[in-house]
Structure formats: structure tokens, C-alpha cells
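Participant: Each residue of the sequence shown is one higher than the one before, starting from 189 at the first, in our numbering.
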Amino acid sequence: SDGTISREEAMLHAEARTDRNKAAIERQYREFLEEHPDEQDKAEETRETHLQNLKEAEHSLITMFENADMDGDGQLSMNEFALAEAWWMKSTMNPEKLALF
Numbered sequence: 189s190d191g192t193i194s195r196e197e198a199m200l201h202a203e204a205r206t207d208r209n210k211a212a213i214e215r216q217y218r219e220f221l222e223e224h225p226d227e228q229d230k231a232e233e234t235r236e237t238h239l240q241n242l243k244e245a246e247h248s249l250i251t252m253f254e255n256a257d258m259d260g261d262g263q264l265s266m267n268e269f270a271l272a273e274a275w276w277m278k279s280t281m282n283p284e285k286l287a288l289f
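1) Taking the Cβ atom as the reference point for each residue, do T206 and Q263 lie within a distance shorter than 8 angstroms?
2) Looking at A256 and E131, is the spacing between their C-beta atoms short of 8 angstroms?
3) Give me the Cβ distance between E246 and A202, rounded to the nearest whole Å; I'm assuming they're in contact under 8 angstroms.
4) Name the residue from E232, K210, G260 whose alpha carbon lies nearest to the alpha carbon of F220.
5) Nearest to E284 by alpha carbon, out of E254, E223, E214?
6) Put L221 into one of helix, strand or coil per three-state DSSP.
7) Which residue's Cα is closest to the Cα of K278: R195, L249, K210?
8) Give me, in chain order, the residues of the same chain whose beta-carbon lies closer than 7 angstroms to that of A212; leave out the 5 immediate sequence neighbours on both sides.
9) So what does DSSP say about L286, is it helix, strand or coil?
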């Protein structure tokens, strides 16, 4: 490895994280419904909101990666990647660490 990450690698990273977070949202949704079956409408609305937020966060991450490519070579240096990743981690929610329902 030359210490860079390509746009394709960044996209795969973002998609994998989104998939993990979607699974966590879906798991919490199912667990909530098992405990509160009479609140399905509210739970579905909450679930859809979280999934939409996740989709928007992935789009923001991809845009941020594009903007972090300071020299425009289609690659992110480790410094460019670390700065972009740190910003994203700080500005988005992690459903693995939050009770969403």
C-alpha cells in the first residue's frame, strides 16, 4: 500500500459502514416492536427517519471524501482520509452506541 485510498475504496468503506448501521437500525426496530407491538406506526416512522438520515450521511461522507482530495488526483492521502473520517465520525450518529427507539 502506498498510504493512499482511492475514491473506489472510500466508496466501499462508506457503503460497508452504511450497511452495518442499517443492520443495527433494523435490529433495534425489531427489538422495539417485540416489546411494544402496539407502537408499530411510530416505530416505522422512526425507522424511516433514521434510514433516511443514514442515506444522507453516506452521501455527505462521499461528498466530503471528494472535497478532501485536496490535490485532485482521485486519491486520499492518509492525512486527507484521517481528517475526513474524523469529521464524519464526529458529525454522525452511530446506531451501535445509541438507543434509537
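Positions of the beta carbon are idealized from the N, C-alpha and C atoms, including for glycine.
Facilitator: The structure says:
1) Stepping through the sequence shown from its first residue, residue 206 is reached at position 18. Stepping through the sequence shown from its first residue, residue 263 is reached at position 75. No, they are not a contact pair.
2) There is no way to answer for residue 131, as the model of the chain reaches only from 189 to 289.
3) Taking the first residue of the sequence shown as 1, we reach residue 246 at position 58. Taking the first residue of the sequence shown as 1, we reach residue 202 at position 14. Confirmed, Cβ separation roughly 5 angstroms.
4) Walking along the sequence shown from the start, residue 220 turns up at place 32. Out of E232, K210, G260, E232 has the C-alpha closest to the C-alpha of F220.
5) In the sequence shown, residue 284 corresponds to position 96, counting from 1. Ranking E254, E223, E214 by Cα distance to E284 puts E214 first.
6) The residue you call residue 221 lines up with position 33 of the sequence shown. Looking at L221 - three-state DSSP - the assignment turns out to be helix.
7) By one-based count along the sequence shown, residue 278 stands at place 90. Nearest option by C-alpha distance: L249.
8) Here the question's residue 212 lines up with position 24 in the sequence shown. So the qualifying residues of the chain are P283, E284.
9) Looking up residue 286 in the sequence shown gives position 98. The answer is coil: DSSP assigns L286 none of H, G, I, E or B.
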